[in-house]
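Quick mapping for you: the protein sequence lines, in order, are chains A and B. Numbering-wise (the numbering used here), the first sequence opens with residue 197 and increments by one. Numbering-wise (the numbering used here), the second sequence opens with residue 197 and increments by one. C-beta: ideal position from N, C-alpha, C; glycine also. One structure below.
There are 2 protein chains.
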Amino acid sequence: MSGNKVSRQKPCHHCKSRSASAPPGTSMIHYEKFWLYRHCSSVQQRDRQAQKAGQLFSGLLAMNVVFLGSAFLSSMIFNHVAITLADVWILLSILKVLCLFWITYYLLGTSRQPHAVLYRDSHAGPVWIRGSVLLFGSFSILLNVFQIGYSTILIQCKSRVEIVFPSIEILFICTQAFFLWHHSKDCIQVQHNFTRCGLMLTIATNLLLWLLAVTNDTIHMEIESQLREVERRFAGKAPTTSCICPNTTICKVFQKGYILLYPFNTEYCLVCCSVLYVMWKNVGRRISHHVPHIKPQFKLHGVVLGPLLGTMTVIIGICVFMMYQIQATGSAPNRQVFVMYYSYYIVLLPLMSVVAVIGTIIHALEKKELDTLKNPTRSLDVILLMGAALGQIGMSYFSIVAIVATDPRDLLNSLILSYSILLIFQNITQNVFIIDGLHRQPFAAATEARHTGHAGQHAAASELPGEEETTTSSKEEHTQMSPDKEGEMKEEQNHEAYVQRQVSMLELGQEIRKASLSYIHSYSHLSWKRKALKEISFFLVLCNIILWVMPTFGAHPVFENGLEKSFYGYSTWFAIVNFGLPLGVFYRMHSIGGLLEVYITA
Amino acid sequence: MSGNKVSRQKPCHHCKSRSASAPPGTSMIHYEKFWLYRHCSSVQQRDRQAQKAGQLFSGLLAMNVVFLGSAFLSSMIFNHVAITLADVWILLSILKVLCLFWITYYLLGTSRQPHAVLYRDSHAGPVWIRGSVLLFGSFSILLNVFQIGYSTILIQCKSRVEIVFPSIEILFICTQAFFLWHHSKDCIQVQHNFTRCGLMLTIATNLLLWLLAVTNDTIHMEIESQLREVERRFAGKAPTTSCICPNTTICKVFQKGYILLYPFNTEYCLVCCSVLYVMWKNVGRRISHHVPHIKPQFKLHGVVLGPLLGTMTVIIGICVFMMYQIQATGSAPNRQVFVMYYSYYIVLLPLMSVVAVIGTIIHALEKKELDTLKNPTRSLDVILLMGAALGQIGMSYFSIVAIVATDPRDLLNSLILSYSILLIFQNITQNVFIIDGLHRQPFAAATEARHTGHAGQHAAASELPGEEETTTSSKEEHTQMSPDKEGEMKEEQNHEAYVQRQVSMLELGQEIRKASLSYIHSYSHLSWKRKALKEISFFLVLCNIILWVMPTFGAHPVFENGLEKSFYGYSTWFAIVNFGLPLGVFYRMHSIGGLLEVYITA
């Protein structure tokens, strides 16, 4: 099957002429065409240029939609009277309905066309990403159900549209989750430009939903009005607003659930954006090297220390988090709880940084080949890691400047200062560790590549003996001698190749299979380096889980400690936090995924 | 010389082993090394990975500097008391001094090392970019001189640091302009990581200077205080503040010049950033295809209509601009001047859009090869064009929403509305035209490529006859038949190649030279398509010049018409305009460069 595909890649006289007039049954590859680039001499070049043009135009579409939506959102924020939240909801609903139409068309039309999906990107949409789409999607649906319930109870003071919009949202989330679950790996080969535009429209819609979720502070208002109401009741005053939750349990549940589930909705939008972006990059992509993707299984491999330490961290973290939540959500949070919270971080962050640095050093010591194949999913992973880290790093720098400018010698302030500095350092070291790990070839794939390298490509064979050399010779020798040895090896290999061509191919294949099996066997017990890497990445996964849980479920000391709030002013700091916090949460989630991959491939 | 370089590219047994132990006199290429990637089997792969790692780490450095500076700036904006402008100036001066040290070291140390600059990127730092660095640089120096003079006159109420800082700034601008003028094309081959960090530090400093210039509204304050002062004098009141320009001419000149020259400073920072970024991308780059870069000369080629129409546009534009400036800078700008200003745009913008669309269509009709070689300068050009356009497009969308939400049927409002829509459309069509034009091979280079293609690469030769075919056969036939014909041609060509190998190479070379000369001759009179493209790009250059002049020299109707200001609120709209306007000005300037290149290569 795979050989079949590769041969079709190469320009052959017969199929090419047919592909131009394109009855889809006879030739399977639809080369892209674009009226701007009709005069390219080669079909491949025209295809590449048409691809670029398609990406440009669909990108322009998304840009315009995002700008229009942002202008609407900003108007709503800065001029409540002219543009209301309902207007924004109407715009978003129109976009959602358009996306729904496109997704339905894709599911029923595009993807069912003959030869629509010839290739599937094995790196795209790994199970943890698709799982989080489902998880966050179902939480978001629950959120909308709660919202509908809440609005139904308070129907006398809320408009009817507050029931209609969440219903559309539920439909959108369901359809999108279904679509992403089944089609996130597709490299679609028909209707390129229409598909690109559809994907970009969906990305733009998700981005706008995220922006709305980030900037919409009605929840904060609701909480504050509730608090004020409670205070008023304590003071024995009469309630002021007519729109208060009646004292039934169900209303309280709806309200609490709504507030608790809200962060998942922002995460859902971000995750969907990243998956859709990979799909957009994969439109029209033809994967030439059909490397049989052996999925490395998640096994414990006798890793002990990492899980143990990590579990301890998580348990302590949960205790700290619960104490924090109990005390800090009161009307006047006391200082001690902040000291405890920051102390926990100050102990944990240096540990994580040191461990990540050690991991990077071990990576450098390991004699593994680098995986330098083109891989849009990995590139996106790297960009997202760096981009999402910017949220926390930016916030940390704002904190640092605020503290240094006020009073760095105060106990709490010095704690926050060191927390901020350590956080920057931790983010950077962890990113370097993950990025470095993602570029190492997985263990199974490395042996596999060796296997196919021997069997298929005689031209590339010169590199492989050089590498096997590496594993036996000492390091110092290798770095100085390898170019010479490579040359010698190349000659030897060429000679061997000539000799071996005399031998029948069948015999050769069996020999190679035997050799590679013995190779796998000899490596089946882990070396200390691989073990250490697995310990480290497991530990970091657990640490990142607890660091993800805390802000996701409501611990926001950067907002509650009041220091930066008073320094920058409420609205400015609110905007900074609203931008930085969801990115930070997304960063933790994304790190977990990256670290799991490092764990599996180590 | 070029052949020499290419042969050095290829891995040979002797030079590679030497390059690993690296005495710089014996081998000229310094492959990059990085401790993380010592175990790559091939030197090239290790080099590539080391390059990526170096870029990552220098990028992280820049990111941290930019974040720290942004936090400082934001603190200054939102909390004047704790962080003053002087603090920000101190931080920036430290950065400038560090950059100065690095630039000096580069000029005297790094670039003078043996084999430091083996290759020069012929696309980097074209003369118009370096020219604008010099131009904006000298204006910026003048600006600082004015500032020093102004502060000296008002020394009684200004602190002494306001003389020190501009002096450092002058030194920084001079050194940087000298450095960029002489070294913008360098592909440095030694001290890779140190150079990368130095470049990134300089980029970060320039970015922060730009951010400061954008957010610093002291000038607006100064103007407003002056206006208020004048009003007060008319009303016969006593002056309030002690720090007022004495009634000498020199002080007025300093003040006016300062306000007039201010926009050039922001442009200078942006231009320097882009040049430095290209240098950073070029660190360690080895240009393998040494295509003899024949510089197409700027000639008029009998182009008449474009310059004529363009000059008319410029003259009318200057009249409109002057009338606008005279009336709008008064205390109460009247409606008529805005109507005139926007009408001018509404006539001009559709014309430009239509012309750009026609140009794009002609590009599609032209039978020219696409230039798909890797070219960091062009990639950056495209990104900058798209990125800078975002400023204007974003502002336009904000205007549209504001107008639609208030009263779109008012005459002035409907003018602004159509102006905004047309501006978006114009930006997009012009971008598509420029990007498309940049990817076409220049005329001279195309013939040159054909030349070398025949002589050197027999493997690639199959593509060239196919293309010559194209120029004679009709279009419809070509698109359907070319794959078939290409195949046939390939076979013929292979056959010919075998035959020709019998003939002596010298004879062959002469034959080819003759053929290509006759080819050049037959194309020396311009076809109507090339002429039309030249007319179009010349016209667009002139239009962009006038559209650049207007906002640069102070016509800011988006701020002065008061519509959006009252809709979004003063501070919000001020931030949006401050972000969007400089980007818009930069966009016009960058478009001029891109269009000139399209003109020359058409």
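Buried or exposed by the 16-neighbour rule on C-beta atoms within 10 Å, applied to residue i
| i | result |
| --- | --- |
| Q240 of chain A | exposed |
| M518 of chain B | exposed |
| F629 of chain A | buried |
| N200 of chain B | Annotation note: pLDDT 39 at N200 of chain B (below 50); position unreliable, coordinate value reported separately. It is exposed - the Cβ of N200 of chain B has fewer than 16 other Cβ atoms within 10 Å. |
| K381 of chain A | buried |
| K477 of chain B | buried |
| W285 of chain A | buried |
| V323 of chain B | exposed |
| C295 of chain B | buried |
| R356 of chain A | exposed |
| K570 of chain B | exposed |
| R646 of chain B | Annotation note: pLDDT 44 at R646 of chain B (below 50); position unreliable, coordinate value reported separately. Buried, because 16 or more other Cβ atoms sit within 10 Å of the Cβ of R646 of chain B. |
| Q532 of chain A | exposed |
| A409 of chain A | buried |
| H311 of chain A | exposed |
| Y766 of chain B | exposed |
| T444 of chain A | exposed |
| K448 of chain A | exposed |
| S539 of chain B | exposed |
| A258 of chain A | buried |
8 Å contact criterion, which residue i and residue j should meet: CB distance rounded
| i | j | result |
| --- | --- | --- |
| F763 of chain A | N757 of chain B | With a Cβ gap of about 35 Å, F763 of chain A and N757 of chain B do not count as contacting. |
| Q622 of chain B | L545 of chain B | 5 Å |
| P753 of chain B | F534 of chain B | 6 Å |
| H388 of chain B | E228 of chain B | 5 Å |
| Q626 of chain A | A552 of chain A | 5 Å |
| W406 of chain B | R326 of chain B | That pair is no contact at about 19 Å. |
| F268 of chain B | V510 of chain A | About 37 Å; that fails the 8 Å criterion. |
| Y464 of chain B | F374 of chain B | No, Y464 of chain B and F374 of chain B are not in contact; Cβ-Cβ is about 14 Å, not under 8 Å. |
| L397 of chain B | V261 of chain B | 7 Å |
| T797 of chain B | R574 of chain B | With a Cβ gap of about 12 Å, T797 of chain B and R574 of chain B do not count as contacting. |
| V818 of chain B | R392 of chain B | Lying outside 197 to 798, the shown extent of chain B, residue 818 of chain B is not represented and no answer is given. |
Beta-bridge partners of residue i, as assigned by DSSP
| i | result |
| --- | --- |
| C383 of chain A | A:Y315 |
Per-residue DSSP class, three states only, for residue i
| i | result |
| --- | --- |
| R636 of chain B | strand |
| G652 of chain B | Its pLDDT being 39, under 50, G652 of chain B is placed unreliably by the model, and nothing is read from it. |
| I742 of chain A | helix |
| H752 of chain A | coil |
| I631 of chain A | helix |
| A600 of chain A | Before going further, note that residue 600 of chain A is Val rather than Ala in the sequence given. Correct three-state label for V600 of chain A: helix. |
| H559 of chain A | helix |
| I554 of chain B | helix |
| P778 of chain A | helix |
| Q309 of chain B | coil |
| P459 of chain B | helix |
| H276 of chain A | coil |
| G255 of chain B | helix |
| K570 of chain B | coil |
| K161 of chain A | Residue 161 of chain A lies beyond the range of chain A shown here (197 to 798); nothing can be said about it. |
| A267 of chain B | helix |
| Y302 of chain B | helix |
| E365 of chain A | helix |
| I823 of chain A | This structure gives no information on residue 823 of chain A, because the portion of chain A shown stretches from 197 to 798. |
| C465 of chain A | helix |
| C370 of chain A | helix |
| R784 of chain A | helix |
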